[in-house]
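Asker:
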Amino acid sequence: MSWPVTEETLDALGGQILTSGTGAIAGYQVAYGELNLTGPANRVVEALTQLRDQFGFHQLIDLCGVDYPERAQRFDVVYHLLSMTKNQRLRFKVQTDEDTPVPTVTGVFPNADWYEREAFDMYGVFFEGHPDLRRILTDYGFHGHPLRKDFPMTGYVELRYDDELKRVVYEPVKSVEFRNWDFMSPWEGAEYVLPGDEKAEAK
């Protein structure tokens, strides 16, 4: 298989996948040189099994979430698959809301275990049947889901070990949202004359 894969090849593969299934994969689109598939969340196990067994996408490279707060089903759960034999990648997406769990795909791709825990931790997406669904990146007792678009920048606490008190303490999160970033000049905001600036003023 030549690289990069042409859009015609991806379009043909998308059509073949769509027509050979039983509705677990409901649509496809070729965008930016990549094949994007969509399907209902409750049939994700069936869809990924089909992509693995029939079409040779034997590796789950990543699983992540995307948040669209304005939608009723605000989350996309995105599965990135790789076929080593075809030298091709594809993306499969399902939608869900804050309360409806997505079936776990750990039975199809065991490495989805940690990816699903990360999506749960960061976005609050539930995975039904997951063997150990708990937070993986945030601290014990953390409230909220940091990658949601409506997650506040202030008002929450963080956990750290205080060496003087010799115990774990909670402190308010220190936010950077009120800083006045000037991306045009890296020197903006210095309270002293930087080396070389005196030459510019002298001219």
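For the sequence shown, counting from 1, position 147 maps to 140 in the numbering used here; every step adds exactly one. Using N, Cα and C, we set each Cβ at its ideal position, and we do this for glycine too. These figures come from a predicted structure and were not determined experimentally.
For my contact list, E111 and H123 are in at a C-beta cut-off of 8 Å; report their separation, rounded to the angstrom.
Answerer: Wrong, their Cβ atoms sit about 12 Å apart, outside the cutoff.
Asker: For T99, is the classification buried or exposed, using 16 other Cβ atoms within 10 angstroms of its Cβ as the cut-off for buried?
Answerer: Result: buried.
Asker: Relative to the alpha-carbon of V70, which residue among R84, K79, M77, T(-1) has its alpha-carbon at the smallest distance?
Answerer: Cα-wise, what sits closest to V70 is R84.
Asker: Assuming contact is defined by CB atoms lying nearer than 8 Å, are D60 and K142 in contact in what I supplied?
Answerer: A contact, by the Cβ cut-off of 8 Å.
Asker: Please list the segments of the beta strand (DSSP E) lying wholly inside the region 7 to 62, counting only runs of 3 or more residues, in order along the chain.
Answerer: The qualifying runs are 20 to 24, 27 to 31, 52 to 60.
Asker: Tell me whether D132 is buried or exposed, calling it buried when 16 or more other Cβ atoms sit within 10 Å of its Cβ.
Answerer: Under this definition D132 is an exposed residue.
Asker: On the CB-based measure, 16 or more other CB atoms within 10 Å of its CB, does L6 come out buried or exposed?
Answerer: That one is buried.
Asker: In this structure, what does DSSP give as the bridge partners for P124?
Answerer: Looking at the DSSP assignment, P124 forms no beta bridge with any residue, so it has no partner.
Asker: Between T15 and D156, what straight-line distance do the alpha-carbon atoms span, to the nearest angstrom?
Answerer: Answer to the nearest angstrom: the Cα atoms are 59 Å apart.
Asker: Who are K86's beta bridge partners in DSSP?
Answerer: For K86, which the question treats as bridged, DSSP gives the partners T31, V71.
Asker: Let me know the secondary structure DSSP gives D92 once reduced to three states.
Answerer: D92 falls in the coil class under three-state DSSP.
Asker: By the DSSP assignment, the alpha helix (DSSP H) with Y163 in it spans what residues?
Answerer: Premise fails: Y163 lies in the beta strand (DSSP E), 160 to 165, not in any alpha helix (DSSP H).
Asker: Helix, strand or coil for R64? Go by DSSP, reduced to three states.
Answerer: Of the three classes helix, strand and coil, the one that applies to R64 here is coil, per DSSP.
Asker: Could you check which residue in R45, R153, F120, V23 has the C-alpha nearest to that of C57?
Answerer: It is F120.
Asker: What residue does the beta strand (DSSP E) around Y154 start on, and which one ends it?
Answerer: Here the beta strand (DSSP E) through Y154 covers 150 to 155.
Asker: Here's the rule I'm using: 16 or more other beta-carbon atoms within 10 Å means buried, otherwise exposed. How should V161 be labelled?
Answerer: Exposed: under 16 other Cβ atoms inside 10 Å.
Asker: Relative to the alpha-carbon of I54, which residue among E164, A105, G32 has its alpha-carbon at the smallest distance?
Answerer: Comparing Cα positions, the closest option is A105.
Asker: Less than 8 Å between the CB atoms is what I'm expecting for L152 and G134, so what's the real figure, rounded?
Answerer: Right, the Cβ-Cβ distance comes to about 7 Å (below 8 Å), so this counts as a contact.
Asker: On a CA-only basis, which of S76, P165, V150 is nearest D46? Give me that one, please.
Answerer: With distances taken between Cα atoms, D46 lies closest to S76.
Asker: Got a sec, what are the start and stop residues for the alpha helix (DSSP H) D143 sits in?
Answerer: Taken as a continuous stretch (DSSP letters only), D143 belongs to no alpha helix (DSSP H), as it is neither H nor E.
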